[in-house]
Amino acid sequence: NNNNNNNNNNVTVGYTEWNGLDIIVVHLHAHDAVARLEEARVVAQTVHDLTLASRPVLVMGDMNTLSPRDRGIHHGYHLLDFLKTGLDEASAAELSTKGK
179 NNNNNNNNNN
189 VTVGYTEWNG
199 LDIIVVHLHA
209 HDAVARLEEA
219 RVVAQTVHDL
229 TLASRPVLVM
239 GDMNTLSPRD
249 RGIHHGYHLL
259 DFLKTGLDEA
269 SAAELSTKGK
């Protein structure tokens, strides 16, 4: 196994090979879409290079993106307002009890 961690430009990339499968685990920037795009380009280039070498690749991790399918949930928790100004007390209290 070849384990390699790269933390350049705020992109955390873990890489290993297992039974002929290249596994890339990423954690992209949470608060900067431009930085996240550049980080995704680094990952995409790595995937491109590996697939050119006919290697199977699995990419997984925290891409820090918002799915349109979750729009109702985001709206209910006032996520856009939170991202702009911070979470209000009522929403914070409700979110803190969801995991209990």
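Everything in the sequence shown is counted per the numbering used here, starting at 179 for the first residue and increasing by one.
Just so it is clear, CB atoms sit at the ideal spot from N, CA and C, and this is done for glycine as well.
Source: prediction; values computed, not measured.
Taking the DSSP output, what are the residues bridged to residue i?
i, result
"T194", "I201"
"D259", "According to DSSP, which records beta bridges pairwise, D259 is partnered with nothing at all."
"G239", "V204"
Which term fits residue i, buried or exposed, when burial requires 16 or more other beta carbons within 10 angstroms of its beta carbon?
i, result
"N185", "A caution first: N185 carries a pLDDT of 46, below 50, which makes its placement in the model unreliable, though a value can still be read off. Counting Cβ neighbours within 10 Å, N185 comes out exposed, since fewer than 16 surround it."
"V204", "buried"
"I202", "buried"
"D248", "exposed"
"D200", "buried"
"D259", "exposed"
"E217", "buried"
Can you name the start and end residues of the alpha helix (DSSP H) that residue i belongs to?
i, result
"A218", "A211 to L230"
"R283", "No information on residue 283 is available, as it lies outside the stretch 179 to 278 that the chain covers here."
Tell me, to the nearest whole angstrom, how far the beta carbon of residue i is from that of residue j; I am working on the premise that it is less than 8 angstroms.
i, j, result
"V237", "V220", "Contact flag wrong, Cβ pair sits at about 12 angstroms."
"L215", "N242", "Actually they are not in contact, since the Cβ atoms of L215 and N242 sit about 11 angstroms apart, beyond 8 angstroms."
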